[in-house]
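Undergrad: Chains as they are written, first to last, in full-length UniProt numbering: chain A, 1 to 416; chain B, 1 to 416.
Backbone N, C-alpha and C define an ideal beta-carbon position, used for all residues, glycine too.
Once you've had a glance at the structure underneath, I'll fire off some questions.
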Ligand SMILES: NC(=O)c1ccc[n+]([C@@H]2O[C@H](COP(=O)([O-])OP(=O)(O)OC[C@H]3O[C@@H](n4cnc5c(N)ncnc54)[C@H](OP(=O)(O)O)[C@@H]3O)[C@@H](O)[C@H]2O)c1
Ligand SMILES: NC(=O)c1ccc[n+]([C@@H]2O[C@H](COP(=O)([O-])OP(=O)(O)OC[C@H]3O[C@@H](n4cnc5c(N)ncnc54)[C@H](OP(=O)(O)O)[C@@H]3O)[C@@H](O)[C@H]2O)c1
């Protein structure tokens with residue numbers, strides 16, 4: 001690297017890229033005090049060179065041709081364009097050229113991290129990705145540096161701000177999913193195509209990355225349990241609430257007797273659980289270590305500046321470290337079968353035309369050996385029944401029988 | 001240091017020291033995988049060699065003479081004996097001999113940190129103290145490594161588990177301070193001599209250390225605002241609650257126009273503020289950065305294993321780093337006068353024999369220009385009056401007048 005300047009290339013000048021530019025400028029003094037060198041953006045790749053940007057940027061820095069970035073003398077490239085293609089190819093080419101990479105791209109890492117880590121190690125460059133998980137919260141750094149003596153039992157959390165925002169609004173304003181989603185899109189809290197967020201993919205990518213850091217391995221994405229929030233409705237949220245719980249899209253990576261497990265699922269948290277207090281677009285990560293116990297980290301998981309903070313902190317940190325290869329990423333197929341039948345869960349039963357009476361339903365469950373700890377029943381004489389219950393021993397066969405005998409649809413959610 | 005073993009000395013084998021011993025043993029494999037060397041405790045100083053310990057320890061390791069520790073070939077010493085004398089002299093001697101130090105002793109650091117940091121730098125040894133602030137939460141590491149590009153505006157939090165436990169019990173069980181303190185002592189949540197905790201000293205020591213890390217300087221302890229919880233009573237807690245707030249012992253270090261400020265004070269937090277959710281013996285630290293926004297870190301702030309976790313993580317981390325001098329600690333006298341009169345505060349007015357009527361009191365405040373945002377009045381005809389109000393413009397002169405004219409005692413607490 002040149003003696004007095006760190007030359008930075010940017011792939012993407014959108015929400016995060018714009019924030020990175022602003023941050024490098026506003027924090028320039030601090031950066032150069034720490035690094036002993038100025039940090040300068042020397043090339044920035046975009047799709048559309050004519051687009052008006054929220055942050056002023058010299059015309060001669062902007063390019064739409066990746067080859068120009070590759071040919072420039074950048075020391076380090078910040079990848080904030082997102083997506084897998086053509087991004088993966090670009091990042092590979094830069095690593096092969098000897099550039100350090102800082103990325104916020106969880107999808108790329110969850111899909112090609114194993115190859116990228118190996119490649120970066122081979123070429124002696126750093127691949128840094130703090131911003132890819134939980135935005136401004138420095139959770140990866142903490143796991144990597146300050147919790148390595150602990151055996152980490154699990155990492156769980158609220159890793160997607162969009163869905164947490166939607167769930168918060170649904171509960172507080174008693175508005176249905178579709179309406180809240182529309183509002184969230186208008187306010188910029190959700191993308192035009194919300195699939196990656198609401199279907200749980202985004203949270204799963206982050207969980208995948210956390211597992212690599214904490215357990216040294218992850219599951220292929222297809223082997224994780226993933227359920228989004230698209231089908232959640234106010235009936236479920238309301239009954240859960242009456243039972244003393246809040247539904248959150250909980251992401252979890254854990255390793256126990258049955259091997260590594262990754263899941264992203266709408267989950268009931270007791271109202272006084274710290275993760276249940278995390279509202280709106282905030283993220284939070286809970287780490288359980290065998291010595292330290294439970295730690296909780298909370299902050300803005302997305303947005304221009306919080307994400308840019310993680311990118312620029314990562315970049316500065318990386319420049320103060322000597323290169324050491326990072327542990328390789330590994331994927332292993334899940335060890336055994338998942339446990340059949342949920343232990344303790346929230347069962348939501350609904351029928352628009354009940355055949356029978358609520359009493360008959362609860363008797364059936366009782367005889368079938370389902371242990372109900374707590375329940376709320378809503379029933380009106382037009383035969384619309386809703387039951388929310390915290391129960392153990394509810395299995396697939398009960399679901400089928402309820403449908404066959406009573407015309408009830410049952411859905412099951414985990415309870416923390 | 002010897003090639004295959006890290007030789008550790010312990011000063012103190014009490015609550016934390018016992019936890020450190022257990023952790024070094026249970027996590028030995030992880031430690032030696034990471035460090036490439038076994039970690040072995042080779043000497044342990046105690047006061048009473050005959051005492052039964054909760055953790056088995058070979059007799060020949062135990063000593064009651066510090067000189068034996070100093071004469072042994074330890075590479076690194078864990079100071080978990082506490083107090084300032086004779087600890088300060090011991091730590092100085094060890095540093096001068098070239099030993100690295102890991103300490104959990106916030107009092108020592110707040111009183112002699114400036115000298116110890118300088119001495120450690122001079123002798124090229126590391127002085128590590130993650131465990132001294134917020135127990136198992138790796139807040140110092142995060143501030144030092146992962147938030148250095150941000151301008152930190154303030155660090156605040158609940159840094160003392162004992163007082164938070166007492167306040168939680170007082171509120172939940174409506175029991176007076178003295179009774180809860182007694183229970184806390186019986187349960188081991190409070191020391192036989194609780195002064196350092198309940199008077200706010202312990203939290204202030206930690207705040208002092210946080211300020212050194214974040215702002216590169218701190219105030220002499222006498223220049224900080226410090227108020228404990230010994231005089232809090234249920235009347236205040238109850239009225240605050242009715243107004244939508246919870247009283248917490250809030251510690252804060254901030255730097256703004258008026259220079260550096262340190263304070264530890266019972267403070268009203270809105271019930272939905274993340275720090276208001278921190279109950280029992282938990283600690284939490286909130287960091288506000290100009291780029292990242294607010295981050296919250298929560299976990300066990302004390303206790304055998306959480307504190308030992310911080311000690312052992314610190315020790316392992318230190319052994320993987322090359323020595324670089326740490327920024328010197330500085331103390332500066334406060335810049336100007338503190339602002340007179342609280343801006344927006346909680347005023348608690350009480351009279352056991354009111355001269356006048358509640359109406360006359362509120363009229364007086366109104367005429368005096370005190371702006372009341374919200375209030376709750378409790379009055380019975382035996383002339384016992386309690387008023388809780390969130391107000392602005394309440395000053396010392398009003399306090400005096402209320403006492404003179406109405407026989408009212410007024411107390412003022414900050415509101416977040
Ligand atoms: N937004 C957040 O809060 C957030 C938080 C954490 C992580 N992330 C991650 O950060 C990355 C960027 O997110 P973002 O919200 O900043 O995205 P964005 O606003 O859509 O910006 C993407 C930028 O990349 C450019 N770009 C996209 N595809 C390109 C291509 N094929 N060739 C050249 N330029 C291309 C775009 O150019 P034009 O401007 O010309 O269209 C734009 O400047 C993603 O991986 C995302 O998952 C985002
Ligand atoms: N306890 C916590 O949860 C916690 C959390 C964070 C930080 N800390 C800090 O950690 C330190 C230790 O706390 P602790 O709770 O472990 O204390 P502790 O249980 O009272 O243990 C103190 C140990 O030091 C030994 N000791 C004390 N004075 C001595 C002297 N003058 N000469 C030789 N040995 C002496 C004692 O010996 P004997 O056993 O023979 O009496 C005992 O083994 C303190 O600085 C405290 O502030 C504690």
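Looking at the structure shown, is residue 29(A) part of a helix, part of a strand, or coil, going by DSSP?
TA: helix
Undergrad: Using a C-beta cutoff of 9 Å, does residue 41(B) count as contacting chain A?
TA: no
Undergrad: Taking only beta-carbon positions, decide if residue 313(A) is within less than 9 Å of chain B.
TA: Judged by the 9 Å Cβ criterion, residue 313(A) is in contact with chain B.
Undergrad: Short of 6 Å in beta carbon distance, which residues of its chain neighbour residue 404(B), apart from the five on each side in sequence? Order them along the chain.
TA: none
Undergrad: Which residues in the same chain have their Cβ closer than 8 Å to the Cβ of residue 436(A), if we skip the five residues on either side of it in sequence?
TA: Since the first and last residues shown for chain A are 1 and 416, residue 436(A) lies out of range.
Undergrad: Name, please, each residue of chain B whose Cβ falls closer than 8 Å to the Cβ of residue 170(A).
TA: Going along chain B, no residue has its Cβ under 8 Å from residue 170(A), so there is no contact; the nearest lies around 18 Å.
Undergrad: Within its chain, find whatever has a CB closer than 7 Å to the CB of residue 343(A); leave out the 5 residues flanking it on each side and keep chain order.
TA: 392
Undergrad: For ligand 2, is there a heavy atom less than 8 Å away from the beta-carbon of residue 48(B)?
TA: yes
Undergrad: Is there at least one non-hydrogen atom of ligand 1 closer than 8 Å to the beta-carbon of residue 64(A)?
TA: yes
Undergrad: Rounded to the nearest angstrom, what separates residue 191(B) and residue 185(B) at their Cα positions?
TA: 6 Å
Undergrad: For residue 238(A), which option in 389(A), 30(A) and 105(A) has the closest C-alpha, if you only look at C-alpha atoms?
TA: 389(A)
Undergrad: Helix or strand or just coil, what does DSSP make of residue 155(A)?
TA: strand
Undergrad: Output, in chain order, the set of chain E residues within a Cβ distance shorter than 8 Å of residue 274(B).
TA: Absence of chain E from the displayed structure is noted, the protein chains being A and B.
Undergrad: Would you check whether ligand 3 has a heavy atom nearer than 8 Å to the C-beta of residue 285(B)?
TA: Looking at this structure, you won't find ligand 3 anywhere; what it does contain is ligand 1 and ligand 2.
Undergrad: Are the Cβ atoms of residue 207(B) and residue 252(B) separated by less than 9 Å?
TA: yes
Undergrad: In angstroms with no decimal places, state the Cα-to-Cα distance between residue 372(A) and residue 363(A).
TA: Annotation: residue 372(A) to residue 363(A) spans about 11 Å, alpha carbon to alpha carbon.
Undergrad: Relative to chain A, which residues along the region 188-200 of chain B have a C-beta separation below 8 Å, given in chain order?
TA: Within the region 188-200 of chain B, no residue has a Cβ that lies closer than 8 Å to any Cβ of chain A.
Undergrad: Run the CB neighbour count on residue 332(B), radius 10 Å, all protein chains shown included, and call it buried at 16 or more, exposed below.
TA: By the Cβ-count criterion, residue 332(B) is exposed, with fewer than 16 other Cβ atoms from all chains shown falling within 10 Å of its own Cβ.
Undergrad: Just by C-beta distance, which residues in the region 138-172 of chain B are closer than 8 Å to chain A?
TA: 138, 141, 142, 145, 146, 147, 148, 149, 150 and 151
Undergrad: Could you round the C-beta distance between residue 328(A) and residue 117(A) to whole angstroms and report it? I think they count as a contact, below 8 Å.
TA: About 6 Å separates the Cβ atoms of residue 328(A) and residue 117(A), confirming a contact at the 8 Å cut-off.
Undergrad: Take residue 164(B) and list the residues in its own chain whose beta-carbon comes closer than 6 Å to its own, dropping the five residues that flank it on each side.
TA: For residue 164(B), where only same-chain residues beyond five positions count, the Cβ hits under 6 Å are 158.
Undergrad: Among 88(A), 126(A), 100(A) and 121(A), which residue has its Cα nearest to the Cα of residue 109(A)?
TA: From the listed residues 88(A), 126(A), 100(A) and 121(A), the smallest Cα separation to residue 109(A) is found for 88(A).
Undergrad: Give me, in chain order, the residues of the same chain whose beta-carbon lies closer than 6 Å to that of residue 49(B); leave out the 5 immediate sequence neighbours on both sides.
TA: 62 and 64
Undergrad: Name the DSSP beta bridge partners of residue 66(A), please?
TA: Note: residue 66(A) sits in no beta bridge, so no partner.
Undergrad: Check whether chain B comes within 9 Å of residue 294(A), counting only Cβ atoms and requiring the distance to be less than that.
TA: yes
Undergrad: I'd like the span of the beta strand (DSSP E) that includes residue 51(A), first residue to last.
TA: From DSSP, residue 51(A) is part of no beta strand (DSSP E); its letter is neither H nor E.
Undergrad: Between residue 103(A) and residue 128(A), is the Cβ-Cβ spacing less than 9 Å?
TA: Yes. Within cutoff.
Undergrad: Count the other CB atoms within 10 Å of the CB of residue 17(B); is the residue buried (16 or more) or exposed (fewer)?
TA: buried
Undergrad: Considering only heavy atoms of ligand 2, does any lie closer than 8 Å to the CB of residue 138(B)?
TA: no
Undergrad: Just to confirm the assignment, what range does the beta strand (DSSP E) spanning residue 395(B) have?
TA: Residue 395(B) -> no beta strand (DSSP E), and no H or E assigned at all.
Undergrad: Name the DSSP bridge partner or partners of residue 247(A)?
TA: 268(A)
Undergrad: Just to confirm, is the Cβ distance from residue 385(B) to residue 349(B) under 9 Å?
TA: yes
Undergrad: Residues bridged to residue 298(A) by DSSP?
TA: 284(A) and 296(B)
Undergrad: What in chain B is Cβ-close to residue 308(A), meaning under 8 Å?
TA: 291
Undergrad: Take residue 292(B) as the anchor and find which of 288(A), 298(A), 292(A) and 287(A) has the nearest alpha-carbon.
TA: 298(A)
Undergrad: Would you report the Cα separation of residue 20(B) and residue 287(A), rounded to the nearest angstrom?
TA: One C-alpha to the other measures close to 21 Å.
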